[in-house]
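*Asks:*
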Amino acid sequence: MERFVLDGIITRLLEVRGKPGKQVQLAEAEIRQLCITSREVLLRQPNLLELEAPIKICGDIHGQYSDLLKLFEYGGFPPRANYLFLGDYVDRGKQSLETICLLLAYKIKYPENFFILRGNHECASVNRIYGFYDECKRRFNVRLWKVFTDCFNCLPVAALIDEKILCMHGGLSPDLRSLNQIRNLYRPAAVPETGLLCDLLWSDPSKDIKGWGANDRGVSYIFGADRVTEFLQKHDLDLICRAHQVVEDGYEFFANRQLRKKAKFGFGSSGTARNGSAPPKFKVERYEKSFQ
1 MERFVLDGII TRLLEVRGKP GKQVQLAEAE IRQLCITSRE VLLRQPNLLE LEAPIKICGD
61 IHGQYSDLLK LFEYGGFPPR ANYLFLGDYV DRGKQSLETI CLLLAYKIKY PENFFILRGN
121 HECASVNRIY GFYDECKRRF NVRLWKVFTD CFNCLPVAAL IDEKILCMHG GLSPDLRSLN
181 QIRNLYRPAA VPETGLLCDL LWSDPSKDIK GWGANDRGVS YIFGADRVTE FLQKHDLDLI
241 CRAHQVVEDG YEFFANRQLR KKAKFGFGSS GTARNGSAPP KFKVERYEKS FQ
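All residue numbers for the sequence shown refer to UniProt numbering, where the first residue is 1 and numbers rise by one.
Here is the structure:
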């Protein structure tokens, strides 16, 4: 992808800063090029990213493009800061296209500083229902939605920061015995209904059980604090950082501060975020963990 084309796309996407809800209508050919180029970038990197602090970790965006721009204004636009996003970029909000296009553009431009994981909504069977398909069809066509599906199938599913903090969208899996299993997951891949890839994107922690239990979502499992402690000790890790659920203060600890639930924007009936003017982030500095 030509550098001047990529820079032009980013410039236009940023022109709506301070104008909540204003659309940026990129050309279909530009979006296709973003998807195709980002696929190549994503597949050159491992399924389990191995990253170093300092890095800012961000939870679900769900088409809230104005909130994404606020997040960058607050934490620094790339490449001033390193970022790891935990998935769920599309659906529910009104500007999934702008959201995913800016994230893909930054991934192409800053491949070693900007990282995006797969969430359960980066899956055709989910975003076909919850809004992204309809947005693509309304603003472009169904063919473009299929191009995004091919791109989403290439996203990595987990990240390891300083060999101590494991990050994913969902959570643990009863099938996960070694981190090499994550590294060896085949891409591109659709998300299956069961198994390791499904659980990494769908599972949830629960204070009410020990071990594993059935998930009320009808997909994957819930897991207790005992499973978190056991997993961390076995793999010499300090923390698991995940998204996938709304938490009141933007972040929340679980299992004696061994698992952190990352901010996910909560939606009211108006479709606007409830988390305040600056979306919360989790900032990891080398040798210390701090919150903003």
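Glycine included, C-beta positions come from ideal geometry on N, C-alpha and C.
Given the structure is predicted, the values throughout are model-derived calculations rather than measurements.
Going by the beta-carbon positions, is the gap between G195 and G211 smaller than 8 Å?
*Replies:* No.
*Asks:* According to the Cβ coordinates, are L117 and V157 closer than 8 Å?
*Replies:* Cβ distance < 8 Å, so L117 and V157 count as in contact.
*Asks:* Taking the alpha carbon of K107 as the point to measure from, which residue in L185, E193, I36 and F254 has its own alpha carbon closest?
*Replies:* Selected option, being the one with the closest Cα: I36.
*Asks:* Have a look at N180 and P46 and give me their C-alpha separation to the nearest angstrom.
*Replies:* Cα to Cα, the separation comes out at about 11 Å.
*Asks:* Out of curiosity, what's the CA-to-CA distance linking F148 and A214?
*Replies:* Going by the C-alpha atoms only, they are around 31 Å apart.
*Asks:* DSSP three-state call for C35: helix, strand or coil?
*Replies:* C35 falls in the helix class under three-state DSSP.
*Asks:* What whole-angstrom Cβ distance do N169 and G87 have, given they're in contact under 8 Å?
*Replies:* Inspection of the sequence shows that residue 169 is occupied by His rather than by Asn. Indeed they touch by this definition, with Cβ atoms about 4 Å apart.
*Asks:* Here's the rule: buried if 16 or more other CB atoms are within 10 angstroms of the residue's CB, otherwise exposed. What is R3?
*Replies:* Exposed, by the Cβ-count rule.
*Asks:* Opposite I10 in the DSSP bridges: which residues?
*Replies:* Answer by DSSP bridge pairing: none, since I10 is not bridged.
*Asks:* Which one or two residues does DSSP pair with D204 in a beta bridge?
*Replies:* DSSP output for D204 lists I222 as bridge partner(s).
*Asks:* Per DSSP, G21 is paired with what?
*Replies:* BP columns for G21 are empty, so no partner.
*Asks:* Give the DSSP bridge partners of A214, in chain order.
*Replies:* The partner list for A214 (beta bridge, DSSP) reads Y221.
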